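Participant:
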Amino acid sequence: MKKNLIENTSLLLLKNNFTIKNIKTPFDLLAKKDSKVLLIKILEDANSISIETINEMKKLAKVIQASPLILSQKAGFKLQNEVVYQRYGINTINFNTFNNSFSKSLFINSNKSGFAIKIIGKKLKEKREQKDFSLSNLASKLSISSRMISKYEAEDSNISLNKAIKLEKILGSDIFQQINLLTSDLTDIFYDSFSDVSKKYHSLGFTSTEFNKLPINVIARKKNEIILTKTTDKPSKEFFDFADLFELNNLIIFKKKKPKTETPVIHKEEFLDLDDGNDLISFMREFE
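Residue numbers (the numbering used here): 7 to 294.
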């Protein structure tokens with residue numbers, strides 16, 4: 007089942023002009039189209055995803071401005087079409103919803119209270135006044151209080167699906183906020199203790215993020231400069247595939263034998279002896 011889902015998802019992405027890579031990572035597919043980068047985890051049951059995988063996806067998404075996404079047919083229960091669920095802050099949907107998202111907007115989210123749609127407060131007030139409804143008039147049609155209508159207008163908030171359907175018939179669908187699948191909650195991230203390479207990046211003025219399950223060890227960032235870093239004497243094909251997809255700078259730090267590659271390489275001792283981040287950037291430029 008998972009194999010079929012990966013194949014169908016890959017075909018769908020290719021059909022929509024994404025470049026995809028199936029690289030050995032905690033997630034199953036990496037996809038890129040222009041500035042959009044998707045990190046997709048495919049599961050038979052979304053509840054089986056590990057905290058470690060969630061953490062790696064969130065860390066990578068945050069540092070390279072990508073979008074994590076979970077595709078599954080169930081999460082202890084069958085996932086409904088056109089509904090966006092959440093697992094640890096990451097958007098979670100079934101394949102049909104993902105397929106439809108390329109041609110139509112998504113509005114329905116799932117929360118602890120059930121299915122809901124988010125109202126755009128300013129739009130609600132604008133439409134209500136255009137229709138010449140008072141707060142009490144509109145409230146009575148929805149069987150809620152005027153105070154609740156005021157709350158909806160004051161801030162963007164969720165309304166139950168049943169009430170949303172009633173509201174759409176009265177004021178139209180423009181008052182509802184579309185769900186952006188590319189936006190997830192990238193908080194609650196656990197960062198590992200820093201290696202000597204990460205510490206060196208920090209001393210050179212970079213921020214650095216370490217990874218345990220990716221073809222790279224560290225991603226370092228300084229303003230618009232992003233460096234994918236791997237400490238190895240024998241870089242794998244996965245490393246080059248990973249770097250090529252994101253079209254970012256990549257650096258191999260070797261300890262003993264210098265790898266034969268056109269990718270920038272530097273001995274670990276030489277890297278640790280650097281005193282200025284601009285010297286590293288200049289070194290990287292020599293390979294362009």
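Cβ coordinates follow ideal geometry from the N, Cα and C atoms, glycine included. No experiment lies behind these values; they were computed from the predicted model shown.
Does N61 pass the burial test, meaning 16 or more other C-beta atoms within 10 Å, or should it be called exposed?
Facilitator: On the sequence shown, residue 61 is found 55 positions in, with the first residue counted as 1. It counts as buried.
Participant: Where are the alpha helix (DSSP H) runs, 4 residues long or more, that stay fully inside the stretch 212-277, in chain order?
Facilitator: 243-252
Participant: Measuring alpha carbon to alpha carbon, tell me which of S163, K38, N102 and I29 ends up nearest H243.
Facilitator: Here residue 243 refers to the residue found at position 237 of the sequence shown. First, the amino acid is wrong: residue 243 is Lys here, not His. Closest option to K243, Cα to Cα, is I29.
Participant: With burial defined as no fewer than 16 other Cβ atoms inside 10 Å of the residue's Cβ, what is the status of N10: buried or exposed?
Facilitator: The sequence position of residue 10 within the sequence shown is 4, counting from 1. Its Cβ having fewer than 16 others within 10 Å, N10 is exposed.
Participant: On the premise that T237 lies in contact with K274, defined as a C-beta separation below 8 Å, what is that separation, rounded to the nearest angstrom?
Facilitator: Counting from one through the sequence shown, the residue named residue 274 turns up at place 268. Counting from one through the sequence shown, the residue named residue 237 turns up at place 231. Their Cβ separation, rounded to whole angstroms, is 7 Å, which keeps K274 and T237 in contact under 8 Å.
Participant: For S140, tell me which candidate among I155, V224 and F108 has the shortest Cα-Cα distance.
Facilitator: For the purposes of this step, residue 140 is identified with residue 134 of the sequence shown, where counting begins at 1. Among I155, V224 and F108, the Cα nearest to that of S140 is on I155.
Participant: Going along the chain, which residues of its own chain have a beta-carbon closer than 7 Å to the beta-carbon of F212, five neighbours each way excluded?
Facilitator: Reading the sequence shown from its first residue, position 206 is the one you call residue 212. Around F212: A226, R227, K228 and G283.
Participant: Under the assumption that L187 contacts L75 (Cβ atoms under 8 Å), give the Cβ distance between them as a whole number of angstroms.
Facilitator: Position 181 of the sequence shown, counted from the start, is the residue given in the question as residue 187. Position 69 of the sequence shown, counted from the start, is the residue given in the question as residue 75. Right, their Cβ atoms sit about 6 Å apart.
Participant: Please classify L18: does DSSP put it in a helix, a strand, or coil?
Facilitator: Against the sequence shown, residue 18 aligns to sequence position 12. In this structure, L18 counts as helix in the three-state DSSP scheme.
Participant: Just list the residues that DSSP pairs G120 with in beta bridges.
Facilitator: Translated into the one-based positions of the sequence shown, residue 120 becomes position 114. According to DSSP, which records beta bridges pairwise, G120 is partnered with N117.
Participant: Grouping DSSP H, G and I as helix and E and B as strand, with all else coil, what is L187?
Facilitator: Taking the first residue of the sequence shown as position 1, residue 187 is located at position 181. If DSSP states are grouped into helix, strand and coil, L187 belongs with coil.
Participant: Can you give me the C-alpha to C-alpha distance between L173 and E161, rounded to a whole angstrom?
Facilitator: Reading the sequence shown from its first residue, position 167 is the one you call residue 173. Reading the sequence shown from its first residue, position 155 is the one you call residue 161. Going from the Cα of L173 to the Cα of E161 covers about 17 Å.
Participant: Can you give me the Cβ contacts of L257 inside the same chain, cut-off strictly under 6 Å, excluding the 5 residues immediately before and after it?
Facilitator: Sequence index remark: in the sequence shown, residue 257 carries index 251 (1-based). Closer than 6 Å at Cβ, skipping near neighbours: I233, T235 and P270.
Participant: With a CB to CB cut of under 6 Å and the five nearest residues on each side skipped, what residues in its chain are close to L130?
Facilitator: Counted from its first residue, the sequence shown places residue 130 at position 124. Taken in chain order, the residues that qualify are Y158, E159 and I181.
Participant: Please report the Cβ distance between L85 and Y91, rounded to the nearest whole angstrom; I am assuming they are in contact, meaning their Cβ atoms lie under 8 Å.
Facilitator: Along the sequence shown, one-based indexing puts residue 85 at 79. Along the sequence shown, one-based indexing puts residue 91 at 85. At roughly 6 Å, the Cβ-Cβ gap stays under 8 Å, so L85 and Y91 are in contact.
Participant: Just to confirm the assignment: which complete alpha helix (DSSP H) runs, minimum length 4, are found wholly within the stretch 97-168?
Facilitator: 101-106, 127-136, 141-148 and 152-160
Participant: Using CA atoms only, rank isn't needed, just tell me which of S166, D247 and T15 is closest to I99.
Facilitator: The count along the sequence shown starts at 1 and reaches residue 99 at position 93. Of the residues S166, D247 and T15, the one whose Cα lies closest to the Cα of I99 is T15.
Participant: Which same chain residues end up closer than 8 Å to E58 when comparing Cβ atoms and leaving out the 5 residues on each side of it in sequence?
Facilitator: Taking the sequence shown and counting its residues from 1, the one referred to as residue 58 is at position 52. Excluding positions up to five away in sequence, the list reads P32, N218 and K219.
Participant: Since L45 sits in a beta bridge, which residues does DSSP pair it with?
Facilitator: To locate residue 45, count along the sequence shown from 1; it is residue 39. L45 is bridged to L36 and P74.
Participant: How far does the alpha helix (DSSP H) with I287 in it reach, from first residue to last?
Facilitator: Taking the sequence shown and counting its residues from 1, one reaches residue 287 at position 281. Here the alpha helix (DSSP H) through I287 covers G283 to R291.
Participant: Alpha carbon to alpha carbon, how far is K175 from S214? Give it in angstroms, no decimals.
Facilitator: If you number the sequence shown from 1, residue 214 lands on position 208. If you number the sequence shown from 1, residue 175 lands on position 169. Rounded to the nearest angstrom, the two C-alpha atoms are 51 Å apart.
Participant: Give a yes or no on whether the C-beta atoms belonging to G82 and N102 are separated by under 8 Å.
Facilitator: Here residue 82 refers to the residue found at position 76 of the sequence shown. Here residue 102 refers to the residue found at position 96 of the sequence shown. No; because the gap between Cβ atoms is not below 8 Å, this pair is not in contact.
Participant: Tell me which residues share the same chain as S151 and place their Cβ nearer than 7 Å to its Cβ, disregarding the 5 neighbours each side in the sequence.
Facilitator: Walking along the sequence shown from the start, residue 151 turns up at place 145. In the same chain as S151, and ignoring 5 residues on each side of it, the C-beta atoms closer than 7 Å to its own belong to A145, in chain order.
Participant: Have a look at K110 and D194 and give me their C-alpha separation to the nearest angstrom.
Facilitator: The count along the sequence shown starts at 1 and reaches residue 110 at position 104. The count along the sequence shown starts at 1 and reaches residue 194 at position 188. Approximately 31 Å between the Cα atoms of the pair.
Participant: Roughly how many whole angstroms lie between the Cα atoms of F248 and I26?
Facilitator: The residue given as residue 248 occupies position 242 in the sequence shown. The residue given as residue 26 occupies position 20 in the sequence shown. Looking at the two C-alpha atoms, the distance is approximately 10 Å.
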